[in-house]
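Be aware that the sequence shown starts at 19, since it is given in this note's numbering, and climbs by one per residue.
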Amino acid sequence: MSVTAEELEARPAPGPKGLPFLGSALDLKSDLLGTLHRAMLEHGDVVRFSAGPSGKHQVNAFGLFHPDGVQHLLAGNAGNFEKNDPVYQEIRSVLGDGLLTAEGDEWRRQKRLVQPIFTHKRVASYLPMIVEESGVALRRWGKAAAAGEMVDLNTDMARLTLSVVGRALFGADVGSAVPVIRRAVPYLSERAVQRGLSPVVIPADWPTPGNRRALRYQDDLYAVVDQLIAGRRANPAEGEDLLGLLLQARDPESGLGLSDDEVRDQVLIFLLAGHETTATSLTFTFHLLGHHPAIQARVQDEVDRVLGDRPPSLGDIKGLAYTLMAIKEAMRLYPAAYGMGRIAKRDDVVGGYEIPAGSPVFASAWVTHRHPDFWMYPERFDPERFTPAREKARHRYAYFPFGGGPRACIGQYFSMLEAVIVVAMLMQSYRVTTSSDPVKLFTGITLRPDGPMPAKVEARS
19 MSVTAEELEA RPAPGPKGLP FLGSALDLKS DLLGTLHRAM LEHGDVVRFS AGPSGKHQVN
79 AFGLFHPDGV QHLLAGNAGN FEKNDPVYQE IRSVLGDGLL TAEGDEWRRQ KRLVQPIFTH
139 KRVASYLPMI VEESGVALRR WGKAAAAGEM VDLNTDMARL TLSVVGRALF GADVGSAVPV
199 IRRAVPYLSE RAVQRGLSPV VIPADWPTPG NRRALRYQDD LYAVVDQLIA GRRANPAEGE
259 DLLGLLLQAR DPESGLGLSD DEVRDQVLIF LLAGHETTAT SLTFTFHLLG HHPAIQARVQ
319 DEVDRVLGDR PPSLGDIKGL AYTLMAIKEA MRLYPAAYGM GRIAKRDDVV GGYEIPAGSP
379 VFASAWVTHR HPDFWMYPER FDPERFTPAR EKARHRYAYF PFGGGPRACI GQYFSMLEAV
439 IVVAMLMQSY RVTTSSDPVK LFTGITLRPD GPMPAKVEAR S
């Protein structure tokens, strides 16, 4: 195999020195997003983070922060990177081996089975249901507005998106699952990331209090999902929900379907990741609109012009262009999928820097979405960044809230359709006011607020 000029000139990547033995581990654990962002600003587009003693026992992970590096990782040389880094190993232990975590031939088989479920035509059929569930949220806000009470955007959006994805999956209300999901998911999510980033990990089968708690929560989650699946089989819903389609799906190459455990793994991925990511996007969209009144007024003007006082239809979505721009900008500032990790299978070179085989390598939407070469005043909320002309002119991987390449999020159309409908319907009826104070963030499997997100809602006259 010939050696390229880039490979001949490749050099070790720079990075923060950190503490003896621990390296950057404590900084990443205490302030993951801030540590990554500072590392890009101080060290550049390819950064090495180390942990452990120097020499052969040192663990090095590489952050790729320039869009070129992100593209190399997720698309251009995706075949050299497998989704088996320590964080994904921990996620797999929680959510099973579904489409998010599966690898190689198994992932390709699952994608062939699941892909037909997420065609635009199929997803569009859920629009009336999304409108109906948004109406439930409207009524909750109406009661709060009438009583002069604050709402919690975080709770309301999580409840709404869980109801939507539950009905899409099971054709039924999943209210009974909410307490278990609210109790188990934050703990398991934070635990997966903290264990994945730690240089020393206690084996999961040791009977520590944390391990026993994690196992109890995982058992609770599995029991809830198994009960929902059993209920769907015993009482088939009218129409075609996603679970029914999963049970009917057959691999076009082998003719085989999904096993019961595989169905549960897929349902867990769609149920948990599907509702949390969209909830984060909606929460921060309303939060940002709430203290940018001029932008909120422009969204409402568009909604009034396109919808009047009626609910949205599929034909209205294109007309809600500025509403979509505001959502995209909120997702730039607060990307639910804030980090995406891989393991290098072979030696590689990115941006002139060596990436040894076996190294954890990751991209961070949180960081790249703030790259000063691509985003002027990156902390400013400015939906105008997403005009068609500016999107076309920008590097494809300067913005990647749904990932990219062959493993881009399969549910992104569903998520964006839901977000536009929800924002349009709530902005149609209510004015939102929020504080501009910094928000404390929770960095688990996905990004979300670490606590309530209070907002004042007032009926529009």
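All C-beta atoms in this analysis are idealised placements derived from N, C-alpha and C, irrespective of residue type, glycine included.
Keep in mind it's a predicted model, so treat the numbers as computed, not measured.
Proximity of the stretch 447-467 to the stretch 419-436 falls short of the contact definition, fewer than three beta-carbon pairs being nearer than 8 angstroms. The DSSP-derived three-state label of Asn102 is coil. Residue ranges of uninterrupted beta strand (DSSP E) with 3 or more members, entirely inside the stretch 113-185 and ordered along the chain, are 168-170. Secondary structure note for Arg466: its beta strand (DSSP E) is the uninterrupted segment Leu465 to Pro467. Nearest to Ala248 by alpha-carbon distance, out of Val281, Phe432 and Asn78, is Val281. Annotation: the continuous alpha helix (DSSP H) that includes Asn229 extends over Pro227 to Ala252.
Restricting attention to alpha helix (DSSP H) runs no shorter than 4 residues, the stretch 397-461 encloses them at 406-411 and 430-447, ordered along the chain.
Between Ala383 and Ala355 the beta-carbon gap is near 6 angstroms, inside 8 angstroms, which marks them as a contact. In this structure, Arg250 sits near Phe188, with a CB-CB distance shorter than 7 angstroms. For Met343, no beta strand (DSSP E) segment is defined; the enclosing uninterrupted segment is the alpha helix (DSSP H) at Ala339 to Leu351.
Annotated three-state conformation of Ala69 is strand, per DSSP. The alpha carbon of Asp322 has as its nearest neighbour, out of Gly81, Arg56, Met445 and Val457, the alpha carbon of Met445. Counting only residues of its own chain and dropping the five nearest sequence neighbours on each side, Pro329 has a CB closer than 6 angstroms to the CB of Val149.
In this structure, the alpha-carbon of Glu294 lies about 31 angstroms from that of Ala69. Look at the beta carbons and you see the stretch 26-43 touching the stretch 59-67: at least three pairs across the two are nearer than 8 angstroms. Between Pro353 and Pro311, the C-beta gap is not smaller than 7 angstroms, which leaves the two residues out of contact. Around the Cβ of Gln314, a 10 Å sphere holds 16 or more other Cβ atoms; the residue is buried. By the neighbour-count definition (other C-beta atoms within 10 Å, threshold 16), Arg408 is an exposed residue. When the five nearest sequence neighbours on each side are left out, the beta carbons in the same chain lying within less than 7 angstroms of the beta carbon of Gly292 are those of Val183 and Gly429, in order along the chain. Taking C-beta separations shorter than 8 angstroms and ignoring five residues to either side along the sequence, Asp49 has no partners in its chain. Spanning the alpha carbons of Arg126 and His138 requires a straight line of approximately 20 angstroms. Here Val105 really is in contact with Ala210; their C-beta atoms are around 7 angstroms apart, less than 8 angstroms. The residue from Val154, Lys474, Leu274 and Gln133 with its alpha-carbon nearest to that of Met443 is Val154. The alpha-carbon separation between Asp123 and Asn229 amounts to approximately 31 angstroms. Taking all protein chains shown into account, Tyr395 has fewer than 16 neighbouring C-beta atoms within 10 Å of its C-beta and is therefore exposed. Just so you know, the alpha carbons of Phe380 and Gly326 end up roughly 45 angstroms apart. C-alpha of Met175 to C-alpha of Phe302: approximately 10 angstroms in a straight line.
A direct Cα-Cα distance of roughly 11 angstroms separates Ile373 from Asn98. Val317 and Ser152 have their C-alpha atoms roughly 17 angstroms apart. For Ile313, the enclosing alpha helix (DSSP H) has its first and last residue at Pro311 to Leu325. For Asp391, the closest C-alpha among the options Pro467, Pro85 and Thr461 is that of Pro85. Per DSSP, reduced to three states, the secondary structure at Pro378 is strand.
Leu435 is not a Cβ neighbour of Ala267, given a cutoff of 7 angstroms. Contact check for Ser433 against Asn78 fails: the beta carbons are separated by 7 angstroms or more. Cβ contact annotation for Glu208 (same chain, cutoff 6 angstroms, sequence separation greater than five): Gly462, in chain order. The C-beta of Ile335 has 16 or more other C-beta atoms within 10 Å across all chains shown, which makes the residue buried.
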